[in-house]
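What follows is a single structure, written as structure tokens, with notes after it.
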Amino acid sequence: MTWRDFQRLQRVAEVRDTFISYLEDGSGTPVVLLHGIPTWSYLWTPVLGRLTRVARVLAPDLPGFGFSDKRDRFDRSIARQAELIDAWMDRIGLESAVIVAHDIGGGVALRLATLFPSRVRKLCLINTVSYDSWPIELMLQFGHPGADRQLSAAMAVRLLKQALKGGFAKRPPSDLLDGLLAPYSTEVGKLSLIRNASALNTNLTTEIAPLLSSISVPTMILWGEDDLFQPIAYGERLAWDIPAAQFVRIGGARHFAMVDRPRAVADRLRTFVTGG
Amino acid sequence: MQPVAGSRAFELASDDLRARAADLVLTLPALRTGAPVGESQRFQIEGALALYHYVNPKLLLFTVLVRRGLHGERTASGQPGATDLAARVPFGAPRSMAAMEMVDENPSDKRLRRLFSDIKKTLQLSSINSDYRTLALWPDYLEPAWGALKPVVQTEAYREAAVALGDHARAAADRFPTPQGFDLRRLGARGEQTQALSDVTDRFERLLPPLILNIGLFGRDWWPDGRLRSSPFPLTETTRMEERP
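Written as structure tokens, this is what we have:
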């Protein structure tokens, strides 16, 4: 599916002072897919088809990302993102869901699981941020307010495209890579992404580390084992700290495990979602 | 310009100009653009149209006043404008206004390049306006919308409406004092490119009335007549913004 086709399928919900675009497809157990930075919900396309056969999939663009609100006037921290996802679930009448998250989406998911536990039926973390694993150097540089003056949108996209290649075990389809960065190819999109990067804050995962032991829902930690951005040791530590967690290594995959090994990731997710 | 443009009177005069533009739009054929866009896209396109529907009448009024300031003209009637500028509006964009996002003027997408070229040629533009560059974020919308608009802009009724709107703007500007301190003679003495300033102001004054009509025609597909006539961000909303910490 091209990114434009994906965009055409997105619905919208106005949430507080902002709006969230999201894809909804399939029926059954609700599954919310949370992407990371610098992507958007289009990231999930490699696993979407297999997942929607067994579940009602909802994939929002976090505010500031993709085709959700990109105005320069709100907090994009994962703390605020968790509050907005909670409000979005209210808005669309979703009481709880299986939360599947990648990268900083995992920071949002961990805050949901610890601070809004009634929202989370099950939790799956795929190569997510945690503890002090983030922000990575690239995002620290990108999030400098001066980046807006130094980089045109075209330059920013070129830079990110090059840097992101390190997140894949093998060369990703060029359409997918172009699509992942498409929302950031305008000046507004670029600035929004810079603001998102500026909002990355280790404290927002370290402060909840003591609460991880309170997560009681079934949890799967799924990790592309060759991840250079979020090393696997962090996944192992999460699996140790979260009582009901199982740890699954995905061989031949880096940070974007759902792109490197879509079938393996989708099959694991299906079993996890539909299992007792 | 700040004392004028930041006044409540300027905001209300722009609202009135927008309403007059809507009346003119309603005399023209409706576009009835059917576009294969999704729910989120519709939401965002409507937000973009609201942005330009709000901003363009203000820009037109602003441009007329700037041109008068440059040339040291008094009002059309020769009398100084007597509007009270003491009441101010809050600084900044209305809270719910969309971001002014737009594609590159020279997009890599062949379909957009073709579309921009046709728009420029038909409307005799030297460069493509922000408005179309914003709507080009949704080419599946802009393409049929432009296809429906193109025959309308080539009619005599449309040309007359654009002239009438320009006249309305100049009459509205009469209510304001001519801004002082930047006439061409003074700017020339400072080494500014006075001819370029004069040309660009004249061009804006000529281009904005049809652009306002075009956005109005696009907007008519989305909004009832009453909404087309009113400000997308009425002063009560911008006033609320002022109260934020």
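Protein chains in written order, with our numbering: chain A, 35 to 310; chain B, 4 to 248. Here a beta-carbon is modelled for each residue, glycine too, at the ideal position from N, C-alpha and C. In this text, all values refer to a predicted model and were calculated from it rather than measured experimentally.
Does any residue of chain B bring its CB to less than 8 angstroms from the CB of Val191/A? In the first sequence, residue 191/A corresponds to position 157, counting from 1. Contact of Val191/A with chain B is not assigned, every C-beta pair being separated by 8 angstroms or more.
Round the Cβ separation of Arg91/B and Arg178/B to the nearest angstrom and send it over; I've been treating them as touching at under 8 angstroms. Position 88 of the second sequence holds residue 91/B. Position 175 of the second sequence holds residue 178/B. So it is not a contact: roughly 17 angstroms between Cβ atoms.
Could you tell me the distance, in whole angstroms, from the CA atom of Ile119/A to the CA atom of Leu96/A? To locate residue 119/A, count along the first sequence from 1; it is residue 85. To locate residue 96/A, count along the first sequence from 1; it is residue 62. Rounded to the nearest angstrom, the gap between the Cα atoms of Ile119/A and Leu96/A is 8 angstroms.
Going by CA-CA distance only, name the one from Gly200/A, Ile255/A, Tyr56/A, Leu194/A that's closest to Ser219/A. Position 185 of the first sequence, counted from the start, is the residue given in the question as residue 219/A. Between Ser219/A and the set Gly200/A, Ile255/A, Tyr56/A, Leu194/A, the nearest pair of CA atoms involves Leu194/A.
Got a sec? Which residues, its chain only, sit under 7 angstroms from Ala8/B by beta carbon, not counting five neighbours each side? For the purposes of this step, residue 8/B is taken as the residue at position 5 of the second sequence. Closer than 7 angstroms at Cβ, skipping near neighbours: Phe65.
If we define contact as Cβ-Cβ less than 8 angstroms, is Phe53/A a contact residue for chain B? Reading the first sequence from its first residue, position 19 is the one you call residue 53/A. True, the Cβ-Cβ gap to chain B drops below 8 angstroms.
In whole angstroms, give me the CA-to-CA distance for Glu246/B and Thr239/B. Within the second sequence, numbered from 1, the residue matching residue 246/B stands at position 243. Within the second sequence, numbered from 1, the residue matching residue 239/B stands at position 236. The predicted model places Glu246/B with a pLDDT of 39, which falls under 50 and marks its position as unreliable, so this point remains unresolved.
Kindly indicate which residue of Phe290/A, Asp51/A, Ala243/A, Met35/A has the alpha-carbon position closest to the one of Leu198/A. Looking up residue 198/A in the first sequence gives position 164. Of the candidates Phe290/A, Asp51/A, Ala243/A, Met35/A, the one whose C-alpha sits nearest the C-alpha of Leu198/A is Phe290/A.
Span separating the alpha-carbon of Lys113/B from that of Arg162/B: For this step, residue 113/B is matched to residue 110 along the second sequence. For this step, residue 162/B is matched to residue 159 along the second sequence. If I take the Cα positions, the gap works out to 30 angstroms.
Taking only the alpha-carbon atoms, compute the straight-line gap between Phe185/B and Ser55/A and give it to the nearest angstrom. Counting from one through the second sequence, the residue named residue 185/B turns up at place 182. Counting from one through the first sequence, the residue named residue 55/A turns up at place 21. One alpha carbon belongs to Phe185/B, the other to Ser55/A, and they sit about 46 angstroms apart.
Pull out every residue of the stretch 97 to 109 of chain A whose Cβ sits closer than 9 angstroms to any Cβ of chain B, in chain order. Using a CB distance below 9 angstroms, the part of the stretch 97 to 109 of chain A facing chain B consists of Phe101, Ser102, Asp103, Lys104, Arg105, Asp106, Arg107, ordered along the chain.
For Asp212/A, three-class secondary structure by DSSP: Here residue 212/A is taken as the residue at index 178 of the first sequence, counted from 1. Asp212/A falls in the helix class under three-state DSSP.
To the nearest angstrom, how far is it from the Cα of Leu272/A to the Cα of Leu245/A? By one-based count along the first sequence, residue 272/A stands at place 238. By one-based count along the first sequence, residue 245/A stands at place 211. C-alpha separation (whole angstroms): 12 angstroms.
Which ranges does the beta strand (DSSP E) cover as unbroken runs of at least 3 residues, wholly within the stretch 144 to 193 of chain A, from first to last along the chain? 154 to 162, all fully within the stretch 144 to 193 of chain A.
Kindly list the residues whose CB is nearer than 8 angstroms to the CB of Arg35/B, restricted to its own chain and excluding five residues on each side of it in sequence; keep chain order. By 1-based counting over the second sequence, the position of residue 35/B is 32. So the list reads Ala151, Asp224, once near-sequence residues are dropped.
Selected residue, minimal CA-CA separation from Glu58/A, among Ile71/A, Arg50/A, Thr79/A, Ile255/A: One-based indexing of the first sequence puts residue 58/A at position 24. Out of Ile71/A, Arg50/A, Thr79/A, Ile255/A, Thr79/A has the C-alpha closest to the C-alpha of Glu58/A.
Under 9 angstroms Cβ-Cβ, which residues of chain B neighbour Val222/A? Your numbering for residue 222/A matches position 188 in the first sequence. For Val222/A, the C-beta contacts it makes with chain B under 9 angstroms involve Ala102, Met103, Glu104, Met105, in order along the chain.
Hey, Leu63/B and Leu126/B are a contact pair by Cβ (cut 8 angstroms); roughly how many whole angstroms apart? Against the second sequence, residue 63/B aligns to sequence position 60. Against the second sequence, residue 126/B aligns to sequence position 123. Their Cβ separation, rounded to whole angstroms, is 16 angstroms, which puts Leu63/B and Leu126/B out of contact at 8 angstroms.
Anyone know if the C-beta pair for Leu128/B and Glu104/B falls short of 8 angstroms? By 1-based counting over the second sequence, the position of residue 128/B is 125. By 1-based counting over the second sequence, the position of residue 104/B is 101. Their beta carbons are not under 8 angstroms apart, which means Leu128/B does not touch Glu104/B by this criterion.
Answer yes or no: does any C-beta atom of chain B fall closer than 8 angstroms to that of Arg229/A? Here the question's residue 229/A lines up with position 195 in the first sequence. No - not a single Cβ of chain B is within 8 angstroms of the one on Arg229/A.
By alpha-carbon positions, which one of Val299/A, Gly83/A, Phe306/A, Asp212/A ends up nearest to Pro252/A? Taking the first sequence and counting its residues from 1, one reaches residue 252/A at position 218. Taking each of Val299/A, Gly83/A, Phe306/A, Asp212/A in turn and checking the Cα distance to Pro252/A, the smallest one comes out for Phe306/A.
Would you say Gly41/B reaches chain A, if we count a Cβ-Cβ gap shorter than 8 angstroms as a contact? By 1-based counting over the second sequence, the position of residue 41/B is 38. By this cut-off, Gly41/B is an interface position.
Nearer than 7 angstroms: is that true of the beta carbon of Ala203/A relative to any heavy atom of the ligand GDP? Only the bare structure without any ligand can be found here, which leaves the ligand GDP out of the picture.
Is it buried or exposed, Phe314/B, if we count other Cβ atoms within 10 angstroms and call 16 or more buried? Because chain B is modelled from 4 through 248, residue 314/B falls outside the range shown and cannot be assessed.
Residues of the stretch 36 to 47 of chain A with a CB closer than 8 angstroms to any CB of chain B: list them in chain order, please. So the close ones are Arg38, Gln41, Arg42, Leu43, Gln44, Arg45, Val46.
Check whether Leu68/A and Ala147/A have beta carbons under 8 angstroms apart: For the purposes of this step, residue 68/A is taken as residue 34 along the first sequence, with counting starting at 1. For the purposes of this step, residue 147/A is taken as residue 113 along the first sequence, with counting starting at 1. No. Outside cutoff.
C-alpha distance - Ser130/B paired with Leu200/B, whole-angstrom precision: Taking the second sequence and counting its residues from 1, one reaches residue 130/B at position 127. Taking the second sequence and counting its residues from 1, one reaches residue 200/B at position 197. Cα to Cα, the separation comes out at about 17 angstroms.
Would Trp257/A and Ile266/A qualify as a contact pair, given that the criterion is a beta-carbon distance under 8 angstroms? Walking along the first sequence from the start, residue 257/A turns up at place 223. Walking along the first sequence from the start, residue 266/A turns up at place 232. Yes; because the gap between Cβ atoms is below 8 angstroms, this pair is in contact.
Grab me the residues of Glu76/B's own chain with a C-beta within less than 7 angstroms of its C-beta, minus the 5 sequence neighbours each way, in chain order. By one-based count along the second sequence, residue 76/B stands at place 73. Cβ within range, chain order: Thr181.
Helix, strand or coil at Leu145/B [DSSP, three-state]: Counting from 1 along the second sequence, the entry for residue 145/B is found at position 142. Under the three-state reduction of DSSP, Leu145/B is assigned to helix.
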